[in-house]
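Colleague:
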Amino acid sequence: MRYLLLILFGLLMVHAFGQKFDLATTPPMGWNSWNKFACNINEELIRKTADAMISTGMKDAGYEYINIDDCWHGNRDSLGFIHPDPTRFPSGIKALADYVHSKGLKLGIYSDAGTQTCGGKPGSHGYEYQDAITYAGWGVDYLKYDWCNTNGINAENAYKTMRDALKSAGRPILFSICEWGDNAPWLWAGNIGHMWRTTGDITNCWNCEKGFGGWSSFGVLQILDKQKDLRKYAGPGHWNDPDMLEVGNGMTLIEDKAHFSLWCMLAAPLISGNDLRSMTNETLAILTNTEVIAIDQDPLGIQCLKFLDSGNLQVYAKPLQNNELAICFLNRGESSISLDFNWKDFPVRDAFSGKNFEFGNKEYKIRDLWLHKDVGSTGIPYKQIIQAHETILLRLSEK
Ligand code: GLA
């Protein structure tokens with residue numbers, strides 16, 4: 005009997021600790037306030053963004069989370085409970101969560117493993133369990149957990165503590181690790197978070213690095229290149245996160261399409277970062293291209309491999325369910341490329357997923373996912389002009 009009780013107790017402990025919630029079987033999709041609004045946020049913006057998520061059709065395209073980033077915080081009270089900024093969020097986070105839920109969407113919030121957030125607001129260090137209970141009580145569905153002001157603490161332990169706190173609070177909350185790749189989270193975060201940032205912050209440029217003294221933010225190409233060798237760590241429930249989208253925040257349309265195509269090839273979380281209340285039709289068309297989104301959301305959850313790298317032309321391949329394959333041609337350069345691609349010379353062999361595509365032996369139909377058109381087969385060479393900074397995104401299926 006004593007042993008039975010011990011076993012039961014052990015099972016209970018395993019259940020309460022050392023686990024994350026079973027969420028994010030495909031890369032999470034949503035919106036986050038930071039890229040466009042930084043600290044300039046309030047409850048009105050969040051409500052109107054939730055409204056826009058519905059009215060624009062983004063929810064129908066799969067976007068689900070409305071995430072409040074840094075600077076929602078007010079102070080801790082005398083018992084240590086965190087409260088939202090009373091001027092920016094006078095109705096409180098619970099009311100906001102109720103509103104967002106009433107639209108069939110989910111609410112995300114932001115905190116930090118250190119003493120303060122990157123924006124200088126109260127961090128969760130030493131308050132992890134209390135904050136997790138607070139978030140769960142408010143009806144929060146997603147936590148982005150940052151890494152500023154952590155003063156030498158161990159990253160794996162810090163993120164484990166918050167994972168355990170969330171688990172014990174009992175409400176399924178998606179846990180987004182934002183540690184910028186500093187301590188190689190892909191090596192240890194698979195059982196801790198549902199996604200982990202692989203790099204420093206993105207910024208709205210194609211090819212740049214902006215330095216801010218101790219840290220830098222990066223353009224699309226810089227972030228893309230930092231994903232090298234990480235594909236084996238991603239899969240359903242645990243994703244590499246190359247940071248949120250900059251679509252609609254100032255790059256050209258060609259660059260925005262390329263950025264979106266590449267993030268879908270990477271099986272990245274698709275967290276839009278623009279102003280949904282006032283975006284152009286072109287921006288909306290990019291964000292809601294369901295054929296492109298389907299590449300990202302493919303149930304196998306295989307991140308792309310780069311199978312050809314020839315100067316400015318790179319070719320990426322992403323195995324999909326039903327023996328289909330996404331192919332993305334990227335022109336990184338400043339002048340157009342005249343592509344003449346003989347499939348038979350470039351079989352895709354992916355040792356990681358065990359999926360092979362022998363174009364010499366088998367013919368595949370080709371669909372262009374930006375043109376929304378079937379464009380022939382792999383039986384003949386594929387010819388196309390690729391503009392500077394452009395991607396061509398194709399879906400191949402067996403004939
Ligand atoms: C860090 C994160 C960003 C954002 C800001 C908020 O830089 O990486 O994504 O959350 O903090 O201050």
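Residue numbers for the sequence shown follow our numbering, beginning at 5 and rising by one. For each residue, glycine too, the CB sits at the ideal point set by N, CA and C. As the structure is a computational prediction, the values presented were derived from the model and not from experiment.
#1: Tell me which residue opens and which closes the beta strand (DSSP E) that Ser180 is part of.
#2: May I have the straight-line CA-CA distance separating Thr60 from Leu288, to the nearest angstrom?
#3: Taking 6 Å as the cut-off, is the beta-carbon of Gly34 closer than that to any non-hydrogen atom of the ligand GLA?
#4: Less than 8 Å between the CB atoms is what I'm expecting for Asp372 and Ile389, so what's the real figure, rounded?
#5: Look at the Cβ atom of His87, then the Cβ atom of Pro126, and state whether they are nearer than 7 Å.
#6: With a threshold of 6 Å (Cβ to nearest heavy atom), would Cys212 be considered close to the ligand GLA?
#7: As a quick exercise: from Asn153, Tyr149, Thr154, Gly156, pick the residue whose alpha carbon is nearest that of Arg167.
#8: If we call anything under 7 Å between Cβ atoms a contact, is Trp142 one with Lys98?
#9: For Ile341, which residues from the same chain have a beta carbon less than 6 Å from its beta carbon, with the 5 sequence-adjacent residues on both sides left out?
#10: Taking the alpha carbon of Ile50 as the point to measure from, which residue in Lys110, Thr154, Leu178, Asp116 has its own alpha carbon closest?
#11: Nearest to Leu266 by CA position, among Ala298, Lys369, Glu68, is which residue?
#12: Looking at C-alpha atoms only, which residue of Lys366, Ala28, Leu225, Lys52 is the closest neighbour of Gly383?
#13: In chain order, what residues of the same chain have a beta carbon less than 6 Å from the beta carbon of Gly22, not counting five sequence neighbours either side?
#14: Kindly indicate which three-state DSSP category Gly364 falls into: helix, strand or coil?
#15: Closer than 6 Å: is that where the CB of Trp200 sits relative to any heavy atom of the ligand GLA?
#16: I'd like to check one pair, Pro273 with Pro90: are the Cβ atoms closer than 7 Å?
#17: Near Trp210, which residues of its chain fall below 7 Å by C-beta distance, leaving aside the five closest residues on each side in sequence?
#18: Can you check DSSP and say which residues form a bridge with Pro385?
#19: At a threshold of 6 Å, does Trp76 count as lining the ligand GLA (C-beta to nearest heavy atom)?
#20: If we count the other Cβ atoms within 10 Å of its Cβ and call it buried at 16 or more, is Lys232 buried or exposed?
#21: Pull up the DSSP beta-bridge partners for Asp81, would you.
#22: Taking 6 Å as the cut-off, does the CB of Trp267 come closer than this to any heavy atom belonging to the ligand GLA?
#23: Flag Gly123 as yes when its Cβ comes closer than 6 Å to any non-hydrogen atom of the ligand GLA, and as no otherwise.
Modeller: In short, the structure shows the following:
#1: On the sequence shown, position 176 is the one that residue 180 refers to. Segment 178 to 181, the beta strand (DSSP E) holding Ser180.
#2: Translated into the one-based positions of the sequence shown, residue 60 becomes position 56. Translated into the one-based positions of the sequence shown, residue 288 becomes position 284. Cα to Cα, Thr60 sits roughly 8 Å from Leu288.
#3: Position 30 of the sequence shown, counting from 1, holds the residue named residue 34. Answer for Gly34: no, Cβ out of range of the ligand GLA.
#4: Here residue 372 is taken as the residue at index 368 of the sequence shown, counted from 1. Here residue 389 is taken as the residue at index 385 of the sequence shown, counted from 1. Separation of the CB atoms of Asp372 and Ile389 is rounded to 13 Å, and the pair is thereby denied contact status at 8 Å.
#5: On the sequence shown, position 83 is the one that residue 87 refers to. On the sequence shown, position 122 is the one that residue 126 refers to. No, these two residues do not count as a Cβ contact at 7 Å.
#6: Here residue 212 refers to the residue found at position 208 when the sequence shown is read from its first residue. Checking the Cβ of Cys212 against the ligand GLA gives no.
#7: Start at 1 with the first residue of the sequence shown, and residue 167 comes out as number 163. In terms of CA proximity to Arg167, Tyr149 leads the group Asn153, Tyr149, Thr154, Gly156.
#8: Walking along the sequence shown from the start, residue 142 turns up at place 138. Walking along the sequence shown from the start, residue 98 turns up at place 94. Taking 7 Å as the cut-off, the Cβ atoms of Trp142 and Lys98 count as close.
#9: Stepping through the sequence shown from its first residue, residue 341 is reached at position 337. Within the same chain, Ile341 has close Cβ partners Leu317, Asn335, Ile390.
#10: Along the sequence shown, one-based indexing puts residue 50 at 46. Comparing Cα-Cα distances from Ile50 to each of Lys110, Thr154, Leu178, Asp116, the minimum goes to Lys110.
#11: Locating residue 266 in the sequence shown gives position 262, counting from the first residue. The option with the nearest alpha carbon to Leu266 is Ala298.
#12: One-based indexing of the sequence shown puts residue 383 at position 379. Sorting Lys366, Ala28, Leu225, Lys52 by C-alpha distance to the C-alpha of Gly383 places Lys366 at the top.
#13: Taking the sequence shown and counting its residues from 1, the one referred to as residue 22 is at position 18. Here the set comprises nothing.
#14: Residue numbering aside, residue 364 sits at position 360 when the sequence shown is read from its first letter. Note: Gly364 maps to coil in three-state DSSP.
#15: Translated into the one-based positions of the sequence shown, residue 200 becomes position 196. Not so, every heavy atom of the ligand GLA lies at least 6 Å from the Cβ.
#16: The sequence position of residue 90 within the sequence shown is 86, counting from 1. The sequence position of residue 273 within the sequence shown is 269, counting from 1. No, the Cβ-Cβ distance between Pro90 and Pro273 is not below 7 Å.
#17: Here the question's residue 210 lines up with position 206 in the sequence shown. Closer than 7 Å at the Cβ level, and outside the excluded window around Trp210, lie Gly223, Val224, Leu225, Met255, Glu259, His393.
#18: Within the sequence shown, residue 385 is the residue found at index 381, counting from 1. Answer by DSSP bridge pairing: none, since Pro385 is not bridged.
#19: Counting from 1 along the sequence shown, the entry for residue 76 is found at position 72. No - the ligand GLA has no heavy atom lying nearer than 6 Å to the Cβ of Trp76.
#20: Taking the sequence shown and counting its residues from 1, one reaches residue 232 at position 228. With fewer than 16 Cβ atoms within 10 Å of its Cβ, Lys232 is classed as exposed.
#21: Position 77 of the sequence shown, counted from the start, is the residue given in the question as residue 81. According to DSSP, Asp81 shares a beta bridge with no other residue.
#22: For the purposes of this step, residue 267 is taken as the residue at position 263 of the sequence shown. No, the beta carbon of Trp267 sits no closer than 6 Å to any heavy atom of the ligand GLA.
#23: Here residue 123 refers to the residue found at position 119 when the sequence shown is read from its first residue. Yes - the ligand GLA has a heavy atom lying nearer than 6 Å to the Cβ of Gly123.
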